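Student:
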Amino acid sequence: PQEVVSEESEEESNGVNLMEFSDEILLHILSYVPCTDLVLNVRRTCRKLATLCLDKSLTHTVLLQKDYKVNKDKVKQLMRDIGKEIYQLNMAGCYWLPSSTIDHVTRCKNLVKLNLSGCHVTSLRLSKMLSMLQHLRSLAIDVNPGFDASQLSSECKATLSRVSELKQTLYTPSYGVVPCCTSLEKLLLYFEILDRSREGFMLSGQLMVGESNVPHYQNLRIFYARLAPGYVNQEVVRLYLAVLSDRTPENLHAFLISAPGSFAETGATKNLLDSMARNVRLDALQLPKAWINGSGLLQHLKFNNPFYFSFSRCTLSGGHLIQRVINGGKDLKSLTSLNLSGCVHCLAPESLFRKAEDDIDSSILESLVVSCCNLRHLNLSAAHHHSSESIGNHLCQLLSRLKHLLSLALPVCSITDVAASVEKPPTTPNLVPQTFGRKVRIGIQTYPRNSGDQANQRIESSVFWALMGSLRFLETLEIIGSSFSSAMPRNEPAIRNSLPPCVRAQSVGDSEVAAISQLTYLQSLTLAQLPNILTGSGLVNIGLQCQHLRTLSLANLGMMGKVVYMSALMDMLKHCKCLRDLRLEQPYFCAGAQFFQALSHCSSLQRLCIVSRSGTLQSDAVMSFMANCLEVIMCHMFMGESLTVCKNLQQSIVRSFQAERPALNVVIFPLLHEDLTEVIRDVPMRHLDEITLFKSRVAEEPPNLWW
1 PQEVVSEESE
11 EESNGVNLME
21 FSDEILLHIL
31 SYVPCTDLVL
41 NVRRTCRKLA
51 TLCLDKSLTH
61 TVLLQKDYKV
71 NKDKVKQLMR
81 DIGKEIYQLN
91 MAGCYWLPSS
101 TIDHVTRCKN
111 LVKLNLSGCH
121 VTSLRLSKML
131 SMLQHLRSLA
141 IDVNPGFDAS
151 QLSSECKATL
161 SRVSELKQTL
171 YTPSYGVVPC
181 CTSLEKLLLY
191 FEILDRSREG
201 FMLSGQLMVG
211 ESNVPHYQNL
221 RIFYARLAPG
231 YVNQEVVRLY
241 LAVLSDRTPE
251 NLHAFLISAP
261 GSFAETGATK
271 NLLDSMARNV
281 RLDALQLPKA
291 WINGSGLLQH
301 LKFNNPFYFS
311 FSRCTLSGGH
321 LIQRVINGGK
331 DLKSLTSLNL
341 SGCVHCLAPE
351 SLFRKAEDDI
361 DSSILESLVV
371 SCCNLRHLNL
381 SAAHHHSSES
391 IGNHLCQLLS
401 RLKHLLSLAL
411 PVCSITDVAA
421 SVEKPPTTPN
431 LVPQTFGRKV
441 RIGIQTYPRN
451 SGDQANQRIE
461 SSVFWALMGS
471 LRFLETLEII
481 GSSFSSAMPR
491 NEPAIRNSLP
501 PCVRAQSVGD
511 SEVAAISQLT
521 YLQSLTLAQL
531 PNILTGSGLV
541 NIGLQCQHLR
551 TLSLANLGMM
561 GKVVYMSALM
571 DMLKHCKCLR
581 DLRLEQPYFC
591 AGAQFFQALS
601 HCSSLQRLCI
611 VSRSGTLQSD
621 AVMSFMANCL
631 EVIMCHMFMG
641 ESLTVCKNLQ
651 QSIVRSFQAE
661 RPALNVVIFP
671 LLHEDLTEVI
681 RDVPMRHLDE
691 ITLFKSRVAE
701 EPPNLWW
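Going by UniProt numbering, the sequence shown opens with residue 1, and the numbers climb by one from there.
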């Protein structure tokens, strides 16, 4: 009795009991808990939670794609307990699960939507599974070497014939299951085929024997293709497009092809585009630059209610953009996402006699802002967008009118005040902290303690400060030097020399970084090639103010011969409790005990990537960090250490933590080693695409393209 009385008094002193909340509130709270925890743990605590955890609102859609703690046994038990209640299952990127795990998906008889991208699935297993899923309408899979469509059963093909949405990632030349999907309305293709095999043999883009069946596109509404670098990917995608060129689907409203480098137009593709211009009205468009440059295609294409445009790396001029796309400011209120990355002349009236560094025409940008007032995602990176001295016409001032922006990518040289950009860049002595004339105790930070106050005094009147203040709901921000290139490009040796930053960017540094701290809801931040970073004091402001920050990518900040912002970075990390992904790219970076001790404060950290030419690391510090940060499942370090040091550390991490962390992926390798590309090809695509490789991700794809 005394125990009962003490429990009741304890509840009274602590306030309302959680179980006293209404079912609606409890269901909302439980929606933030991973489904595996709900079904396998939480529902076993009491009768009320046992009922709520099996509510249809929680079991209808099961997301395992970033549940890095899930293993084969948990999936088996989950499917056994609630398999019949699952209508949508997302296992994308679960690379660590053995292929036999897929067998348990057959318990989900009512599945309508299934995502297995990044999972190991053989032709026979796929056939067996799909034969049991008669209600399936949406499917995402990988097609790996060894895939054989002839092994698909008639029951499997019957299921595929009813699938209307297909996402297919190709690692080998193949049609995959596309010919079996006769009711396709949405087709997403990701081409990740390498030009050479592991043995060094050149691969061909010709399809395998027995794949003469052609795709069925008659009902297609959305066609999307993203190509990794390489000629084989181009050859294979042309085979997919050949059928489209014969007969363009009448209901096609989104046509998107993302291809790096040069992807030449052919007679077949020209016929396809001509047919599209005559027969369809588009809502989303992205084409290889060679298909747009110098052609009058945009003048003939018709648009309905466009929501996404990408003219990345095209030589499209601002005049053509206004006349042919924006149509004089008409019908563009529907546009929510616009990618003009690398479109160097898009804010100039013409490109014939213009230099890339010339000032922009503010009237073009103003027309763009007025016409596309509902933009939520805008990418203007990889170009020199220099504002003139005209008052009120600075790029930052015009962009501040876009109140609905959620993500924004800008070149560094575009955010500087015109007056500041013409001032003389800081001289070398100014790189030394102003501490002469008094003694400084060892261990005290060399950046100003009241860095926020000093920064505010300097730039509260600047155009970039005002822009950050006006975009209060921005979630993703990228500020990238117009000449920046990562030291680790895809499928190529590491780059040893980088181009110097733009002259206009020389004044961008700590104070501009401090302005970013106004973005209270910021979740993802990328800063690359900011030359005037002296101490990194602005990073501390961001750590303190941006408490929702989940992804941070810093590259080539300040002078290249020394990591001048290390003290500030370590101070910042102590406040980043929600940080999950951290990518650092900086020459001579020292990943030592102090750095990893600071990083250990990031209790939510899951993925770490460090790219550093001539960089060093301390193996003991790395091991201690991995032991303290239990959520870390990815550790990629490409440094200047020897191959022996890297291999020993990698083996030690795997040996010590793999059993407890099934999803653990560790790659530690010399950055300039000739076998780097061979090592990269074994990295799971989820990590490679989302963090390891540097790229601008704003408006990279249409919003809500898949799950």
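Note that beta-carbon positions come from the ideal geometry of N, C-alpha and C, so glycine has one too. All of these numbers come straight from a predicted model, not from anything done at the bench.
#1: Roughly how many angstroms separate the alpha carbons of I610 and K84, rounded to a whole number?
#2: What does DSSP give as the partner residue(s) for T61 in the beta ladder?
#3: By Cβ distance below 8 Å, which residues in the same chain neighbour S245 in space, the five residues on each side in sequence not counted?
#4: Among the candidates R221, G230, A254, Y217, whose CA atom is the shortest distance from the CA of Y240?
#5: In whole angstroms, give me the CA-to-CA distance for V42 and L375.
#6: If I516 and I542 are in contact, beta carbons under 8 Å, what's the gap, nearest whole angstrom?
#7: Give me whichever residues DSSP pairs with G509 in a beta bridge.
#8: If I follow the unbroken beta strand (DSSP E) through D581, where does it start and stop?
#9: Which residues share a DSSP beta bridge with Y231?
#10: Please state if the CB of V232 and the CB of L252 are separated by a distance shorter than 9 Å.
#11: For A377, which three-state DSSP category applies?
#12: Is L285 buried or exposed, if buried means 16 or more other CB atoms sit within 10 Å of its CB?
#13: Look at the alpha carbon of F694 and the alpha carbon of A593, and state the distance between them as a whole number of angstroms.
#14: For a test of the three-state rule: what should DSSP assign to C396, helix, strand or coil?
#15: Can you look up I680 in the DSSP assignment and give me helix, strand or coil?
#16: Counting only the same chain and skipping the five closest in sequence on each side, list residues whose C-beta sits under 7 Å from that of E701.
#17: What is the DSSP secondary structure of E700, counted as helix, strand or coil?
#18: Under 6 Å Cβ to Cβ from A50, same chain only, skipping five residues before and after it: list those, please.
#19: Taking just the CA atoms, how far does R324 sit from R607?
#20: Count the other C-beta atoms from every protein chain shown that fall within 10 angstroms of the C-beta of C629, then say buried if there are 16 or more, exposed otherwise.
#21: Counting C-beta neighbours from all protein chains within 10 Å, is the total for E585 16 or more, i.e. buried, or is it exposed?
#22: DSSP beta-bridge partners for Y190?
#23: Under the three-state reduction of DSSP, which class applies to I360: helix, strand or coil?
#24: In this structure, how does DSSP classify Q547 when only helix, strand and coil are distinguished?
#25: Would you kindly report the start and end of the unbroken beta strand (DSSP E) that includes V666?
#26: When DSSP labels each residue in this structure, what does D142 get in the three-state scheme?
#27: Return helix, strand or coil for H274, following the three-state DSSP convention.
#28: Looking at the structure shown, is K577 part of a helix, part of a strand, or coil, going by DSSP?
#29: Any idea if V563 is buried or exposed, counting beta-carbon neighbours within 10 angstroms, 16 or more meaning buried?
#30: Applying the criterion that 16 or more other CB atoms from any shown protein chain within 10 Å of the CB defines a buried residue, is T248 buried or exposed?
#31: I'd like to know whether the C-beta atoms of residue 731 and L664 end up nearer to each other than 9 Å.
#32: With DSSP collapsed to three states, give me the class of Q134.
#33: Quick one: what's Y308 bridged to in DSSP?
#34: Our contact map puts A290 next to V344 with C-beta atoms below 8 Å; I'd like the distance itself, whole angstroms only.
#35: Cutting at 6 Å between CB atoms, please list the residues of its own chain near S553, excluding the five before and the five after it.
#36: Got a sec, what are the start and stop residues for the alpha helix (DSSP H) H28 sits in?
Tutor: Working from what's here:
#1: 43 Å
#2: Q88
#3: Here the set comprises A268, T269, N271, L272, S275.
#4: Y217
#5: When rounded, the distance between both Cα atoms is 41 Å.
#6: That belief holds up - the Cβ atoms of I516 and I542 are roughly 6 Å apart, short of 8 Å.
#7: N532
#8: 581-585
#9: Answer is none; Y231 lacks a bridge partner.
#10: no
#11: For clarity, residue 377 is His in the given sequence; the question names Ala instead. The answer is strand: DSSP assigns H377 an E or B state.
#12: Flag for L285 reads buried.
#13: Inter-residue distance for F694 and A593 is about 26 Å (C-alpha atoms, whole angstroms).
#14: Helix at C396.
#15: helix
#16: none
#17: coil
#18: R43
#19: Cα to Cα, the separation comes out at about 43 Å.
#20: buried
#21: buried
#22: Paired residue(s): T169, R226.
#23: Coil.
#24: coil
#25: 665-670
#26: strand
#27: First, the amino acid is wrong: residue 274 is Asp here, not His. Note: D274 maps to helix in three-state DSSP.
#28: coil
#29: buried
#30: buried
#31: Nothing can be reported for residue 731: it is not among the residues displayed for the chain, which extend from 1 to 707.
#32: Of the three classes helix, strand and coil, the one that applies to Q134 here is coil, per DSSP.
#33: A284, S337
#34: Not quite, the Cβ-Cβ distance comes to about 16 Å (not below 8 Å), so this is no contact.
#35: Spatial neighbours of S553 in its own chain (CB-CB distance under 6 Å, excluding positions within 5 residues in sequence) are listed in chain order as T526, R583.
#36: 23-30
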